[in-house]
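Residue numbers for the sequence shown follow full-length UniProt numbering, beginning at 1 and rising by one.
Note that beta-carbon positions come from the ideal geometry of N, C-alpha and C, so glycine has one too.
The block underneath contains the structure these notes are about, expressed in structure tokens.
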Amino acid sequence: MNCAISGEIPETPVVSKKSCNLFERRLLESYIAEHGKDPVSAEEMTVDDIIELKTSKIVRPRPPNLTSLPSLLSVFQTEWDALALETFTLKQQLNQTRQELSTALYQHDAACRVVARLMKERDEARDALSKISANFANGSLSAANNAKEGEKMDVDSQEGLPPFIVEKVNKTLEELSSARRKRKVPGDWATPEKVSEFSGTKITHRLISSHSRSIAVDDSGDRVVIAGKNPSIYSISENTTSKLVGHEGLVTAALWVAETAVTAGVDGTIRLWQDTTEKTQFSAHTGAVIAIASHPSGELIVSVGEDKAWAVHDVPSSATVAKFDTPYADLTCVKFHPDGHLLGIGTSDSQFRVFDIRSGKEARAFGPYSGKITAIDFSQNGYWAAASSSCEEAVRLWDLRNGSQVLTIEGGHGVVNSLCWDGSAQYLALAGSTGVKIMHYKKTTKEWSELASLNEKTGAIAWGPRAETLVVQHENGNLSVYA
Numbered sequence: 001m002n003c004a005i006s007g008e009i010p011e012t013p014v015v016s017k018k019s020c021n022l023f024e025r026r027l028l029e030s031y032i033a034e035h036g037k038d039p040v041s042a043e044e045m046t047v048d049d050i051i052e053l054k055t056s057k058i059v060r061p062r063p064p065n066l067t068s069l070p071s072l073l074s075v076f077q078t079e080w081d082a083l084a085l086e087t088f089t090l091k092q093q094l095n096q097t098r099q100e101l102s103t104a105l106y107q108h109d110a111a112c113r114v115v116a117r118l119m120k121e122r123d124e125a126r127d128a129l130s131k132i133s134a135n136f137a138n139g140s141l142s143a144a145n146n147a148k149e150g151e152k153m154d155v156d157s158q159e160g161l162p163p164f165i166v167e168k169v170n171k172t173l174e175e176l177s178s179a180r181r182k183r184k185v186p187g188d189w190a191t192p193e194k195v196s197e198f199s200g201t202k203i204t205h206r207l208i209s210s211h212s213r214s215i216a217v218d219d220s221g222d223r224v225v226i227a228g229k230n231p232s233i234y235s236i237s238e239n240t241t242s243k244l245v246g247h248e249g250l251v252t253a254a255l256w257v258a259e260t261a262v263t264a265g266v267d268g269t270i271r272l273w274q275d276t277t278e279k280t281q282f283s284a285h286t287g288a289v290i291a292i293a294s295h296p297s298g299e300l301i302v303s304v305g306e307d308k309a310w311a312v313h314d315v316p317s318s319a320t321v322a323k324f325d326t327p328y329a330d331l332t333c334v335k336f337h338p339d340g341h342l343l344g345i346g347t348s349d350s351q352f353r354v355f356d357i358r359s360g361k362e363a364r365a366f367g368p369y370s371g372k373i374t375a376i377d378f379s380q381n382g383y384w385a386a387a388s389s390s391c392e393e394a395v396r397l398w399d400l401r402n403g404s405q406v407l408t409i410e411g412g413h414g415v416v417n418s419l420c421w422d423g424s425a426q427y428l429a430l431a432g433s434t435g436v437k438i439m440h441y442k443k444t445t446k447e448w449s450e451l452a453s454l455n456e457k458t459g460a461i462a463w464g465p466r467a468e469t470l471v472v473q474h475e476n477g478n479l480s481v482y483a
């Protein structure tokens, strides 16, 4: 009789109570210690379930019939068959184990894919929810403000401005256009002779803010708001600087609305300041605000953003009243027509376009230029527009009445970064990469001439009241006042 585990004749034979099979004692005890089961029946088993067999001490020899070669070959064949059957069984078990492992691996991979997809959907849902919440907040604020005016409108609508804003624009247009026809140059305005002497009366102040492409002078002519890395308000008379703290990152644009300084930055916000205290904030763009412009009424601000949209903000109600998406390339600059009903916007596709702000529709396009539009401005007579580009060392003047180009100003200023008409439409200042040029238009002869030239690298310029001063922001951050 042979052991059910080893197949050999046991030296210490025992029998399992569970399966009644014969085993070698040490092998059975080892198996029970490791598995706690009967090797054959797989029933729960302990060493107490082992029955030891007592055998004779006399070993009987093999029968005579097993001493011949044929008998031995028969025994070997039987043992080989048993070994082959055992190997076959092991192969079957191995194959089954491999299949189970493969199934488990596929299930694990599928679970990982499902988890990854769910995490992606969760992140997309969170992002969409945050955008919806932001839009809802803007919509709620605008609706509340419009309720005060008895009107209802959608901030994201592109069907034009709300009626009460259109009424405000039309009223300003009527007042300014009728008065402009009768307006003459005031007697206290700076004469061409005085402006021509600007190059000899430079007053340079200490470094204020670098990387600025936007400055503005208030109505008093004393305070200058400066964009850049360190936005600030500079007092010319007191020679003091007051920092504007609030923006995150670079401030891209600055202007005045009456006594209120307005700044815009790469953080997507437009902030209104009372002295150095923030009093209002607009956040209509998804991305940086590139440029801003103020309406002649002093009650509206328009911004153009990195999101290729322009938005209209109502200052009295502190609300964004409209936002218009555009199909054009990046928007680079913005300026109001002096009558307030037209809006000039520069783009990176070599055009500057004029929009009717009331409808939000394009009225006319001017160009093409070489490169993106870097600066635009409208003359106070309401007839002309000037624009420059990044690949031309020239400024082109356009007649808004018929869309024709009336003049090209070249040489002496490099690529123009900023341009500014004075309030009388007599003087046009150009700030370029190599210097500043001041042009003069003589109405009696209808001719343009160069009054002054300043050979310094310039980032931004702004006229003071009555063209008595010209404030220049140099590329190194120094501020100069020419008077």
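Distance from the Cα of THR252 is smallest, within the candidate group ILE215, LEU105, GLY344, for ILE215. Straight-line spacing of the CA atoms in THR89 and THR103 works out to 21 Å. Excluding its 5 nearest sequence neighbours in each direction, VAL257 has C-beta neighbours in its own chain below 6 Å: SER294, GLY298, listed in chain order. The beta strand (DSSP E) runs of length 3 or more contained entirely in the region 234 to 268 are, from start to end of the chain, 240 to 243, 251 to 257, 260 to 265.
For LYS446 and HIS247, the gap between their C-alpha atoms comes out near 45 Å. A residue is called buried once 16 or more other Cβ atoms fall within 10 Å of its Cβ, and GLN93, having fewer, is exposed. Within the same chain, GLU456, LYS457, THR458, GLY459, SER480 come within 8 Å of HIS474 by CB-CB distance, once the 5 residues on both sides are set aside.
In the DSSP assignment, THR347 is bridged to LEU331. Considering only PHE324, LEU300, GLY305, ALA311, the residue with the shortest C-alpha distance to SER317 is LEU300.
Non-local beta-carbon contacts of PHE23 in its own chain, meaning distances under 7 Å to residues more than five positions away in sequence, involve CYS3, ALA4, ILE5, PRO10, VAL14, SER16 in chain order.
When only Cα atoms are considered, PRO186 and ASP349 end up about 40 Å apart.
Taken in chain order, the complete beta strand (DSSP E) segments of 3 or more residues contained in the UniProt repeat "WD" (282 to 323) are 289 to 294, 300 to 305, 309 to 314. Less than 8 Å divides the Cβ of TRP189 from the Cβ of ARG466. For ARG213, no alpha helix (DSSP H) run applies, since DSSP gives it neither H nor E. In summary, TRP80 is exposed, with fewer than 16 beta-carbon neighbours lying within 10 Å of its beta-carbon over all protein chains present. Looking at the DSSP output, THR408 shares a beta bridge with ARG396. In this chain, the alpha helix (DSSP H) harbouring ARG26 covers 25 to 35. Under the 10 Å beta carbon count, ASN417 is surrounded by 16 or more other beta carbons and is classified as buried.
For MET119, the secondary structure class from DSSP, reduced to helix, strand or coil, is helix. About 6 Å separates the Cβ atoms of ARG364 and GLY403, confirming a contact at the 8 Å cut-off. Note on ASP307: 16 or more other CB atoms within 10 angstroms of its CB, so buried under the neighbour-count rule.
In the displayed model, CYS20 falls within coil according to three-state DSSP, outside both helix and strand. ALA125 has its alpha-carbon roughly 59 Å from the corresponding atom of TYR441. Under the DSSP assignment, LYS194 falls in the alpha helix (DSSP H) whose first and last residues are 192 to 196. Linking THR320 to ALA179 through their CA atoms gives a straight-line distance of about 30 Å.
The distance from the Cβ of SER196 to that of ALA431 is about 18 Å, inconsistent with a contact at the 8 Å cut-off. Residue range 352 to 356 is occupied by the beta strand (DSSP E) that includes ASP356. The Cβ atoms of VAL217 and VAL436 lie no closer than 8 Å to each other.
A direct Cα-to-Cα measurement between VAL315 and ARG396 gives close to 33 Å. Classified as exposed, ALA42 has fewer than 16 neighbouring CB atoms from the shown chains inside 10 Å of its CB.
In the DSSP secondary-structure assignment, LYS437 is bridged to LEU430, SER453. Non-local beta-carbon contacts of THR260 in its own chain, meaning distances under 6 Å to residues more than five positions away in sequence, involve LEU272 in chain order. Separation of the CB atoms of ASP339 and LEU173 is rounded to 5 Å, and the pair is thereby assigned contact status at 8 Å. Sixteen is the threshold: since fewer than 16 other Cβ atoms of the shown chains lie within 10 Å of the Cβ of ALA116, the residue is exposed. Per DSSP, the unbroken beta strand (DSSP E) holding CYS420 starts and ends at 416 to 421. With contacts defined by Cβ atoms closer than 8 Å, GLY346 and THR332 form a contacting pair.
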